[in-house]
Amino acid sequence: MTEITCTYTGDGETNLVHGPTGAAIQTDLPPDNGGRGRCFSPTDLLASAFASCTLTIMGKMAAARGEDFKGAHLSIQKIMAANPRRVGEFVLKITFPAHFSPEQKKFYLSAVQACPVHQTLSREVKVTVEVL
């Protein structure tokens with residue numbers, strides 16, 4: 009179990025501290041929700057968690073197969089929905105190493121579904137994956 013502490017520091021900002029390491033992250037309300045967008049918003053962190061979870065699992069899969077995964081890239085777009093305000097969709101754009109075959113790409117795409125962050129999302133959150 010990992011403990012993360014969150015302190016409201018004022019003006020829409022929080023400070024999060026990772027208990028085991030002391031690493032810190034700040035958040036701010038996004039401009040479209042009355043904030044100033046000075047750093048990651050809480051939903052930006054959700055998108056970041058999804059992206060890093062997916063790419064990390066792919067990297068672990070590659071290591072197990074003895075395949076070079078360096079240079080893989082994933083960008084994620086978070087699309088907000090209303091009533092209630094929430095993340096409505098994530099669009100993942102994945103660039104695999106140039107030497108990957110279509111079969112390898114298909115194999116690694118299973119990581120999107122295997123990601124614990126994705127498994128935690130409501131089924132109402134649409135996930136679109138594009139391979140570049």
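Using the working numbering, read the sequence shown as starting at 9 and increasing by one per residue. Glycine included, every Cβ here is placed at the ideal spot set by N, Cα and C.
Checklist entry - Which class does Glu111 belong to by DSSP, given the choice of helix, strand or coil? => result If you number the sequence shown from 1, residue 111 lands on position 103. Reduced to three states, the DSSP call for Glu111 is helix.
Next on the checklist: By alpha-carbon positions, which one of Arg46, Ser83 and Gly79 ends up nearest to Ala57?
Outcome noted: In the sequence shown, residue 57 corresponds to position 49, counting from 1. Out of Arg46, Ser83 and Gly79, Ser83 has the C-alpha closest to the C-alpha of Ala57.
Checklist entry - Just to confirm, does Gly27 get its C-beta within under 8 Å of one of the non-hydrogen atoms of the ligand MN? => result Among the ligands in the structure shown, none appear at all, so the ligand MN cannot be discussed.
Checklist entry - Can you name the residues that DSSP bridges to Tyr16? => result In the sequence shown, counting from the first residue as 1, residue 16 sits at position 8. According to DSSP, Tyr16 bridges with Thr22.
Checklist entry - Taking the runs of the alpha helix (DSSP H) that are 4 residues or longer, which of them lie wholly in the region 73-132? => result Fully enclosed alpha helix (DSSP H) runs of 4 or longer: 110-122 and 124-128.
Next on the checklist: Within 8 Å, do at least three Cβ pairs link the region 109-126 to the region 82-97?
Outcome noted: Contact between the region 82-97 and the region 109-126 is absent, because fewer than three Cβ pairs lie under 8 Å.
Next on the checklist: Among the candidates Gly43, Thr10, Ala32 and Gly27, whose CA atom is the shortest distance from the CA of Glu21?
Outcome noted: Translated into the one-based positions of the sequence shown, residue 21 becomes position 13. With respect to the C-alpha of Glu21, the residue from Gly43, Thr10, Ala32 and Gly27 having the closest C-alpha is Gly43.
Checklist entry - Can Val99 and Val133 be called in contact, C-beta distance under 9 Å? => result For the purposes of this step, residue 99 is taken as residue 91 along the sequence shown, with counting starting at 1. For the purposes of this step, residue 133 is taken as residue 125 along the sequence shown, with counting starting at 1. Contact: no.
Checklist entry - My guess is that Leu63 and Thr103 are in contact by the Cβ rule of under 8 Å, so how many angstroms apart are they, rounded? => result Here residue 63 is taken as the residue at index 55 of the sequence shown, counted from 1. Here residue 103 is taken as the residue at index 95 of the sequence shown, counted from 1. For a cut-off of 8 Å, the C-beta gap from Leu63 to Thr103 is around 11 Å, too long to register as a contact.
Checklist entry - With DSSP run on the structure shown, which of helix, strand or coil describes Ala59? => result What you label residue 59 is simply residue 51 of the sequence shown in a count that begins at 1. Note: Ala59 maps to helix in three-state DSSP.
Next on the checklist: Once DSSP output is grouped into helix, strand and coil, what is the label at Thr64?
Outcome noted: Within the sequence shown, numbered from 1, the residue matching residue 64 stands at position 56. DSSP, reduced to helix, strand and coil, places Thr64 within a helical segment of the structure shown.
Checklist entry - Using CA coordinates, which residue listed in Phe115, Gly67, Asp52 and Glu97 is at the minimum distance from Ser130? => result Residue numbering aside, residue 130 sits at position 122 when the sequence shown is read from its first letter. If we check each option's Cα against that of Ser130, Glu97 comes out closest.
Item to check | Buried versus exposed call for Pro38 [16 or more other C-beta atoms within 10 Å across all chains shown] | outcome: Your numbering for residue 38 matches position 30 in the sequence shown. So Pro38 counts as buried.
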